[in-house]
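Working notes, structure below.
Laid out in structure tokens, this is it:
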């Protein structure tokens, strides 16, 4: 999802299509160090956007913790080290808001990193993402590289994973409400109490922020970061409850039935709201509000699955 959006943004900024090198999972296993080294040998990139990750919602993180920590650690270590050994001076690593302590003061500032215990339901993923930040910082400190990190809030949009169990909250809700609309189900049941608050950013806004941060002059970037606290938050600027989100998704999809909540299921962290004042001070702000973003995301959901389009007619 994010990688495709970054490609769209680079093209919109005038980067020629033949100047952008991508690989799908089927084409390159980036958990395989030898394969990653061979890719860098063949392509010799000059800049790297590291958007690849194994991601998922509460169910997936709880069910596959070993997969989440191992695969993300391997992807990051292989790509960042290969970039260094092949002389790549500029790299952007995309982390996650889950790096911050479960009970971090809201909104979460960059300096909250490593100040408390993580949310247990996604701790392995968070540990891997923290390691990615520290990998970038360590190569900068030891080797003089310019490896930067951005921490996105919850992302959504075209190209998302709509798996019924393993996806994040917005794609999971889009699929659930769509299926309920098609089947004329009278009710949709949402996991948890509906009270946790979350912040959501449309993926093309995240891509624009990524290219913006990558293109900042080094001295400007360094003025707003620290060698051992080099990451920058990327958020929308406000949050909503899960109950409010469910209503908004139902509206975007066109579902008119009841919405209820299963309080026996986990809520996760009570609130995750990013302080993006550093990035805003540098001159970047998001463009797509949640209502319009959800409509676009639902359109992308329909456009990219012929079976879904058929079932909705």
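Residue numbers (my numbering): 111 to 423.
No residue lacks a Cβ here, since even glycine has one placed at the ideal position from N, Cα and C.
In three-state DSSP terms, what is residue 343?
Reduced to three states, the DSSP call for residue 343 is strand.
Evaluate contact between the segment 202–217 and the segment 254–264, counting only Cβ atoms and requiring at least three cross-stretch pairs below 8 Å.
Flag = yes, the segment 202–217 and the segment 254–264 touch.
Would you call the segment 221–240 and the segment 398–413 in contact, with 3 or more CB pairs under 8 Å?
Counting Cβ pairs under 8 Å, fewer than three are found: no touch.
If the criterion is Cβ atoms closer than 8 Å, does the pair residue 381 and residue 307 meet it?
Taking 8 Å as the Cβ cut-off, residue 381 and residue 307 qualify as a contacting pair.
Do residue 310 and residue 298 have their CB atoms nearer than 8 Å?
Contact flag unset, no.
Near residue 449, what residues of its chain come up, given a Cβ to Cβ distance below 8 Å and the 5 sequence neighbours on each side ignored?
Past the edges of the chain, shown from 111 to 423, lies residue 449, and the structure says nothing about it.
Which value, in whole angstroms, describes the spacing of the CA atoms of residue 318 and residue 114?
When rounded, the distance between both Cα atoms is 12 Å.
Out of 378, 394, 392 and 385, which one is the CA nearest neighbour of residue 169?
With distances taken between Cα atoms, residue 169 lies closest to 378.
Between the Cα of residue 167 and those of 239, 248 and 281, spot the shortest distance and give me the residue it belongs to.
Taking only the C-alpha atoms, the option nearest residue 167 is 281.
Cα separation between residue 215 and residue 265?
Taking the straight line joining both Cα atoms gives about 21 Å.
From residue 83 to residue 374, what distance separates their C-alpha atoms?
Because the chain here runs from 111 to 423, residue 83 falls outside it and cannot be looked at.
Beta-carbon within less than 7 Å of residue 172's beta-carbon, same chain only, minus the 5 sequence neighbours each way: which residues are those?
So the list reads 231, once near-sequence residues are dropped.
Less than 8 Å between the C-beta atoms of residue 263 and residue 305, yes or no?
No, they are not a contact pair.
Answer yes or no: do residue 96 and residue 160 have a C-beta to C-beta separation smaller than 8 Å?
Residue 96 cannot be examined here, being either before or after the span of the chain that is shown, 111 to 423.
Work out the CA separation of residue 238 and residue 127 for me, nearest whole Å.
Between residue 127 and residue 238, the C-alpha separation is close to 32 Å.
How about the segment 393–402 and the segment 234–254: do they share at least three Cβ pairs that are nearer than 8 Å?
Touching, no.
Residue 194 and residue 123 look like a contact to me (Cβ under 8 Å); what is the Cβ gap, rounded to whole Å?
That belief does not hold up - the Cβ atoms of residue 194 and residue 123 are roughly 26 Å apart, past 8 Å.
Got a sec? Which residues, its chain only, sit under 8 Å from residue 190 by beta carbon, not counting five neighbours each side?
Hits under 8 Å: 160, 201, 203, 242, 245, 246, 249 and 257.
Report yes if the CB atom of residue 217 is closer than 8 Å to the CB atom of residue 302, and no otherwise.
Contact flag unset, no.
Among the residues of its own chain, which have a CB less than 6 Å from the CB of residue 111, if the five just before and after it don't count?
269, 270 and 313.
In the structure shown, what three-state DSSP assignment does residue 402 receive?
Residue state, collapsed to three classes: helix.
Following the continuous alpha helix (DSSP H) through residue 184, name the residue where it begins and the one where it ends.
Taken as a continuous stretch (DSSP letters only), the alpha helix (DSSP H) holding residue 184 covers 175–195.
Unbroken beta strand (DSSP E) runs of length 3 or more, entirely within the segment 238–310: which are they?
The qualifying runs are 256–262, 264–266 and 297–301.
Looking at residue 358 and residue 369, is the spacing between their C-beta atoms short of 8 Å?
No, these two residues do not count as a Cβ contact at 8 Å.
So, for residue 151: in the same chain, excluding its five sequence neighbours on each side, which residues have a beta-carbon less than 8 Å away from its beta-carbon?
For residue 151, where only same-chain residues beyond five positions count, the Cβ hits under 8 Å are 196.
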